[in-house]
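Engineer:
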Amino acid sequence: MTVTYVLDGTRIGTLEDFWAEAGRSIGCGGYFGRNLDAFADCLRGGFGTPEDGDYVIEWQDHETSRRNLGHAETARQLELMLARCHPTHRERVAARLAEARAGRGPTVFDWLADIVEDELPGGLRLR
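Below you can see the structure in the form of structure tokens.
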């Protein structure tokens, strides 16, 4: 039986909100980690999702999330990354930040959708 995890896009205004919503819906006991790598790990099974991969993620009101997790939120997240990243990564993160500030490049929404597609091909239902 396929498990469906539902994300309420109206509850997602920032990446931090996404972590809370994903933890509520998908994570073990409401928590799976609060970073992109932990999210990918969760989707691989055993950290909130079934080991056999028999599940889908239904992202309701995803257009609300897409707007909220757009370039402005992407720039905010990249600013946070830039402040704590290793010096050898600063140039690359700064370039991504400049792109986001200019309204170009992938957004936080894109990052999350891409992770789901990588870990669970065809398993994301945008509603």
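Its first residue numbered 3, the sequence shown is counted upward by one per residue in our numbering. All residues carry an ideal CB built from backbone N, CA and C; glycine is no exception. Since this is a predicted model, take the numbers as computed values, not measurements.
Indicate whether threonine 66 and tyrosine 57 have their beta-carbon atoms separated by less than 8 Å.
Structural biologist: Counted from its first residue, the sequence shown places residue 66 at position 64. Counted from its first residue, the sequence shown places residue 57 at position 55. No; because the gap between Cβ atoms is not below 8 Å, this pair is not in contact.
Engineer: With distances taken Cα to Cα, identify the nearest neighbour of glycine 29 among Phe41, Gly11 and Leu114.
Structural biologist: Counting from one through the sequence shown, the residue named residue 29 turns up at place 27. Glycine 29 has its Cα closest to that of Phe41, out of Phe41, Gly11 and Leu114.
Engineer: For the segment 71-86 and the segment 109-116, state whether three or more C-beta atom pairs, one from each stretch, are separated by less than 8 Å.
Structural biologist: yes
Engineer: Taking aspartate 43 as the reference, give the member of Ile117, Glu81, Met83 and Gly124 with the closest Cα.
Structural biologist: Walking along the sequence shown from the start, residue 43 turns up at place 41. Among Ile117, Glu81, Met83 and Gly124, the Cα nearest to that of aspartate 43 is on Ile117.
Engineer: Alpha carbons only, please: which of Ala104, Glu121, Pro123 and Asn70 is nearest the one belonging to threonine 16?
Structural biologist: By one-based count along the sequence shown, residue 16 stands at place 14. Measuring from the Cα of threonine 16, the nearest candidate turns out to be Asn70.
Engineer: Relative to the alpha-carbon of arginine 68, which residue among Tyr7, Leu45, Leu99 and Leu128 has its alpha-carbon at the smallest distance?
Structural biologist: As a working note, residue 68 is residue 66 in the sequence shown. Measuring from the Cα of arginine 68, the nearest candidate turns out to be Leu128.
Engineer: Nearest to methionine 83 by CA position, among Trp21, Gln62 and Asn37, is which residue?
Structural biologist: The residue you call residue 83 lines up with position 81 of the sequence shown. If we check each option's Cα against that of methionine 83, Asn37 comes out closest.
Engineer: For glutamate 65, does the three-state DSSP call read helix, strand or coil?
Structural biologist: For the purposes of this step, residue 65 is taken as the residue at position 63 of the sequence shown. If DSSP states are grouped into helix, strand and coil, glutamate 65 belongs with the helices.
Engineer: Would histidine 88 be called buried (16 or more neighbouring beta carbons within 10 Å of its own) or exposed?
Structural biologist: Against the sequence shown, residue 88 aligns to sequence position 86. Taking a 10 Å sphere around the C-beta of histidine 88, we find fewer than 16 other C-beta atoms and assign the residue as exposed.
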